[in-house]
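Student: Letter by letter, the sequence shown follows residues 4 to 388 in the working numbering.
Yeah, the Cβ is synthetic: ideal placement off N, Cα and C, and Gly gets one too.
First, the structure itself, so that you have it in front of you.
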Amino acid sequence: MSIQMPPADASVLGRRDEIVAALRQIVPGEGVISSAAEMLPYESDGLTAYRQPPMVVVLPDSTEQVSRVLRYCFEQGIKVVPRGSGTSLSGGALPLKDAVLLGLGKFKRIREIDFDNRVVVTEPGVTNLAISQAVAHAGFYYAPDPSSQIACSIGGNIAENSGGVHCLKYGLTANNVLGVEMVLMDGEVIRLGGSHLDSEGYDLLGLVTGSEGLLGVVTEVTVRILRRPEAARALLIGFPSSEAGGRCVADVIAGGMIPGGMEMMDGPAIRAAEDFVHAGYPLDCDALLIVELDGPVVEIDHLVDKVEAIAYANGATSCRISKSEEERLAFWAGRKAAFPAVGRISPDYYCMDGTIPRGRLPEVLGRMREMSGRYGLGVANVFHA
């Protein structure tokens, strides 16, 4: 697989040694990587089908250094590609041959935890999961939980507006970030938002979240943290078809319930995940729905009964309700490992994201199965429901 890259600027490449020397003055020591062998880890992100070595890699460790690097590149007409942890699957951190790759891996400190105001101030290189781990002892957590949360950085989450299995109730990154410190292309340092819920004026923070680093480089992030729910239980529901599962999804939402998470997997995805994780998934169904309900115990007990009734009304063939925290986490383990699980059974696969109106799920899933058979291409569906 190849990608058509824009032609490199020969005038910039001709000044490479000069550029490397100037960057070493800004970021001394081991902060500049210029040899071909040492730059290999930076030639792609998680989408390894596309590769392009950068002209040079610079690894600043302070906002001042980021500002000076960007100001220098701006004045010299040099392109810059920001990079977080490199776990993205969208090619968002793909370098350019005539560009500086600005890596933020050294920004990995949590600067402040404020339980009174329920916020955490962190550097962008801190992993998503590390934020929850840092506040877990006080009964708090950070809600967005991408499948790669053990490795992906919060700065990358802002670039991609990442979600996770709990996005249905608690929102995406955009709904949980309160403020950022950001360096613009010309080196100017600005702040958007803060530790408060809303800012006056235009929603510039919302514009930055999901902009893939095109508007500036984030060097500090303020996120809101939430109290852990009193309890959480998950239902593992098997269906004879994806269409039946899709109808159940629509009926749960139509019933006025907003689960903490609701995810669906079809037959190929179920079998791949079970072979990989051994989560105890039923293999005699063609669709699997995981519905998590959280909140006060008495409310959960009531909602579990309602969801179970809706599931059987839609033809569910099985329904397991988690009886412990370990079992609940096991239900999710297979879902969160779905992408590497599919990678075990196919040397190549193409990951596609789409948005489907909830009421049209049965129709779309049916057509996808039909097209899979017609063209002889295996399809494994895993998605937020």
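Specify the secondary structure class of T225 as computed by DSSP and reduced to three states.
Tutor: Strand at T225.
Student: Do you know offhand how far G49's Cα is from H140's?
Tutor: Taking the straight line joining both Cα atoms gives about 32 Å.
Student: Could you pull out every residue in the same chain whose Cβ sits closer than 6 Å to the Cβ of Y394, ignoring the five residues on either side in sequence?
Tutor: Lying outside 4 to 388, the shown extent of the chain, residue 394 is not represented and no answer is given.
Student: What are the boundary residues of the alpha helix (DSSP H) that includes V72?
Tutor: Taken as a continuous stretch (DSSP letters only), the alpha helix (DSSP H) holding V72 covers T66 to Q79.
Student: Which residue comes first and which comes last in the alpha helix (DSSP H) that contains M185?
Tutor: That residue, M185, is in no alpha helix (DSSP H); its beta strand (DSSP E) goes V180 to V186.
Student: Mind checking A39: buried by the 16 CB within 10 Å criterion, or exposed?
Tutor: Exposed.
Student: Kindly indicate which residue of G190, L210, L207 and V180 has the alpha-carbon position closest to the one of H199.
Tutor: Among G190, L210, L207 and V180, the Cα nearest to that of H199 belongs to V180.
Student: Here's the rule I'm using: 16 or more other beta-carbon atoms within 10 Å means buried, otherwise exposed. How should L43 be labelled?
Tutor: The residue is exposed, with fewer than 16 neighbouring Cβ atoms inside 10 Å.
Student: Counting only beta-carbon atoms, is G381 nearer than 8 Å to chain B?
Tutor: Of the protein chains in this structure there is only one, and it is not chain B.
Student: If P262 and V301 are in contact, beta carbons under 8 Å, what's the gap, nearest whole angstrom?
Tutor: Not a contact, Cβ separation roughly 17 Å.
Student: Write down the C-beta distance between V255 and G158 rounded to the nearest angstrom, noting that I regard them as a contact closer than 8 Å.
Tutor: Contact doesn't hold; Cβ gap of about 34 Å is too wide.
Student: Sorted by chain position, which residues of the same chain lie with C-beta nearer than 8 Å to S214's C-beta, five sequence neighbours on each side aside?
Tutor: Contacts found: A162.
Student: Compute the Euclidean distance between the alpha carbons of L229 and I134, then round it to the nearest angstrom.
Tutor: Their backbone Cα atoms lie some 11 Å apart in a straight line.
Student: What does DSSP give as the partner residue(s) for Y144 in the beta ladder?
Tutor: Y144 is bridged to L229.
Student: CA-CA distance, Q79 and V60?
Tutor: So the alpha carbons of these two residues sit roughly 17 Å apart.
Student: Out of E203, L195 and C322, which one is the CA nearest neighbour of T225?
Tutor: T225 has its Cα closest to that of L195, out of E203, L195 and C322.
Student: Closer than 7 Å by C-beta to E311: which residues in its own chain qualify, once you throw out the five before and the five after it? Chain order, please.
Tutor: Contacts found: L238 and C322.
Student: Just curious, the alpha helix (DSSP H) that S37 is in, first and last residue?
Tutor: Per DSSP, S37 belongs to no alpha helix (DSSP H) and is neither H nor E.
Student: Cβ of G219 within 8 Å of Cβ of M188?
Tutor: Result yes, Cβ atoms of G219 and M188 sit closer than 8 Å.
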